[in-house]
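The sequence shown begins at 1 in the UniProt record's numbering and counts up by one.
Even for Gly, the Cβ is constructed at its ideal location relative to N, Cα and C.
Everything numeric in this text was worked out from a predicted model, so none of it was measured.
I have placed the structure first, in the form of structure tokens, so that the comments after it can refer back to it.
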Amino acid sequence: MNPLHLETLLSIIDEGSFEGASLALSISPSAVSQRVKALEHSVGRVLVSRTQPARATEAGEVLVQAARKMALLQAETRAQLSGRLAEIPLTIAINADSLSTWFPPVFAEVASWGGATLSLRLEDEAHTLSLLRRGDVLGAVTREANPVAGCEVIELGTMHHLAVATPALRDAYLVDGALDWVAMPVLRFGPKDVLQDGDLIGRVAEPVGRRRVSIVPSAEGFGEAIRRGLGWGLLPEAQVAPMLAAGDVVILDDGPIETPLFWQRWRLESRSLARLTDAVVEAAIEGLRP
């Protein structure tokens, strides 16, 4: 299997198109197409779905994983030969709440290495494993404790979310001293927001129909929308603490949502991946509940 062809396949998936891969590799689009066709011919399978963006087929995902591992090991080999850390792209899947709260110390650690680069894929913690399975990332912050094939799992800690709203919004939906959870406008981070989708569990007895839902796909914007009264939502303790202290929001009930988080990474002998894992675990120790 030609390493150059694997590199081209990986570039198509990372860039999302044949044209993007041609720019990244500084070759013509026809050369990209020829390399992929040669690779597909050698394995006897279609490897890329010609969609927008381009996606790996089931067979292609296997080769994308191999290509990403190969790229990492090649970069580390060059680093050892040159006596310094080369540009090693470390791809991670992470949820927005983690990225905006406990994860940032990892940035400082990676920056201190002097040459490594991070590429973050933002996804709900219930869905990050799909990126790991496809080979799109080397590691993922996830709520799934069962390891993906070829991966190892490390428990990170627990993230607590609190149901909060502005005092005015809460008061507007108090009926005989009880909150009307169904009528009160609510916020969602996005269509895959599993955490917010379960927000009424334990709060109402019966399934509910249509509700007033606003979508705000940004961790900072989500918190600001709550602070401005657009709706109520679930926020991480670390993010909501200053809002509570300022009196901008109030806690709506005493039922925090506890989400255990895990780090899953490829079982690969890689010094940079091991260092990244240590950095993630250290940040989690400081920023998450045990």
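For the stretch 98-166, list the beta strand (DSSP E) runs that are entirely contained and at least 3 residues long, ordered along the chain.
Runs of the beta strand (DSSP E) spanning 3 or more residues and lying entirely within the stretch 98-166 occur at 117-122, 139-142 and 151-165, in chain order.
Are the beta-carbon atoms of Leu179 and Arg203 separated by less than 9 Å?
For the purposes of this step, residue 179 is taken as the residue at position 179 of the sequence shown. For the purposes of this step, residue 203 is taken as the residue at position 203 of the sequence shown. Cβ distance < 9 Å, so Leu179 and Arg203 count as in contact.
Quick check: the Cα distance between Asp253 and Ala96, rounded to an integer number of angstroms?
By one-based count along the sequence shown, residue 253 stands at place 253. By one-based count along the sequence shown, residue 96 stands at place 96. In this structure, the straight-line span from the alpha carbon of Asp253 to that of Ala96 is close to 24 Å.
Following the continuous beta strand (DSSP E) through Gln264, name the residue where it begins and the one where it ends.
The residue given as residue 264 occupies position 264 in the sequence shown. Here the beta strand (DSSP E) through Gln264 covers Ile257 to Trp266.
Opposite Ser49 in the DSSP bridges: which residues?
Position 49 of the sequence shown holds residue 49. Answer by DSSP bridge pairing, in chain order: Arg55.
For Arg265, I'd like the list of residues in its chain whose CB is within less than 7 Å of its CB, leaving aside the five on either flank, ordered along the chain.
As a first step, residue 265 is located in the sequence shown; it is residue number 265 there, counting from the start. Excluding five sequence positions before and after Arg265, the CB atoms of its chain that fall closer than 7 Å to its own CB belong to Leu138, Gly139, Cys151, Glu152, Leu273 and Thr277, given in chain order.
Thinking just about the alpha-carbon of each residue, which of Thr8, Leu90, Pro89 and Leu25 is nearest to the one in Gly60?
As a position in the sequence shown, residue 60 is number 60, starting the count at 1. Among Thr8, Leu90, Pro89 and Leu25, the Cα nearest to that of Gly60 belongs to Thr8.
Consult DSSP for Arg228 and reduce its assignment to one of helix, strand or coil.
As a working mapping, residue 228 is identified with position 228 in the sequence shown. It is coil, neither helix nor strand.
Can you tell me whether DSSP reads Arg275 as helix, strand or coil?
By one-based count along the sequence shown, residue 275 stands at place 275. In the structure shown, Arg275 falls within a helical segment according to DSSP collapsed to helix, strand and coil.
Distance, Cα to Cα, Leu244 vs Pro236?
On the sequence shown, residue 244 is found 244 positions in, with the first residue counted as 1. On the sequence shown, residue 236 is found 236 positions in, with the first residue counted as 1. If I take the Cα positions, the gap works out to 12 Å.
Taking C-beta to C-beta, are Trp102 and Ala165 nearer than 9 Å?
Here residue 102 refers to the residue found at position 102 of the sequence shown. Here residue 165 refers to the residue found at position 165 of the sequence shown. Taking 9 Å as the Cβ cut-off, Trp102 and Ala165 do not qualify as a contacting pair.
In its own chain, which residues sit with a C-beta less than 7 Å from the C-beta of Ile215, not counting the 5 before and 5 after it?
Numbered from 1 along the sequence shown, position 215 holds the residue referred to as residue 215. The residues are Arg188 and Gly190.
Start-to-end residues for the beta strand (DSSP E) that takes in Ser42
Start at 1 with the first residue of the sequence shown, and residue 42 comes out as number 42. Note, Ser42: premise wrong, no beta strand (DSSP E); alpha helix (DSSP H) at Pro29 to Val43.
Taking just the CA atoms, how far does Gln74 sit from Val32?
For the purposes of this step, residue 32 is identified with residue 32 of the sequence shown, where counting begins at 1. For the purposes of this step, residue 74 is identified with residue 74 of the sequence shown, where counting begins at 1. If I take the Cα positions, the gap works out to 21 Å.
Would DSSP call Val182 helix, strand or coil?
Residue mapping note: residue 182 aligns to position 182 of the sequence shown, counting from 1. Coil.
Are there 16 or more other CB atoms within 10 angstroms of the CB of Gln239, so buried, or fewer, so exposed?
As a first step, residue 239 must be located in the sequence shown, where it is residue number 239. Gln239 is classed as buried because its beta carbon has at least 16 other beta carbons within 10 Å across all chains shown.
Is there contact here, the stretch 16-33 with the stretch 47-58, by at least three beta-carbon pairs under 8 Å?
At 8 Å Cβ cutoff, the stretches touch.
Quick one: what's got a C-beta closer than 7 Å to Pro217's C-beta in the same chain, skipping five residues either side?
Working through the sequence shown from its first residue, we reach residue 217 at position 217. So the qualifying residues of the chain are Phe189 and Gly190.
State the CB to CB distance for the pair Val106 and Val280, rounded to an integer number of angstroms; the pair is presumed to be in contact (CB under 8 Å).
Here residue 106 corresponds to residue number 106 of the sequence shown, with the count starting at 1. Here residue 280 corresponds to residue number 280 of the sequence shown, with the count starting at 1. Right, the Cβ-Cβ distance comes to about 6 Å (below 8 Å), so this counts as a contact.
Residue range of the unbroken beta strand (DSSP E) whose run includes Ala93
Counting from 1 along the sequence shown, the entry for residue 93 is found at position 93. Start and end: Pro89 to Ile94.
What does a CB cutoff of less than 8 Å around Val46 pick up in its chain, not counting 5 residues either side in sequence?
Your numbering for residue 46 matches position 46 in the sequence shown. Cβ-Cβ distances below 8 Å link Val46 to Glu40, Thr57, Ala59 and Gly60 in the same chain, with the five nearest sequence neighbours on each side left out; the list follows chain order.
With 16 other CB atoms within 10 Å as the buried threshold, where does Ser30 fall?
Along the sequence shown, one-based indexing puts residue 30 at 30. Only exposed fits Ser30, as fewer than 16 other CB atoms lie within 10 angstroms of its CB.
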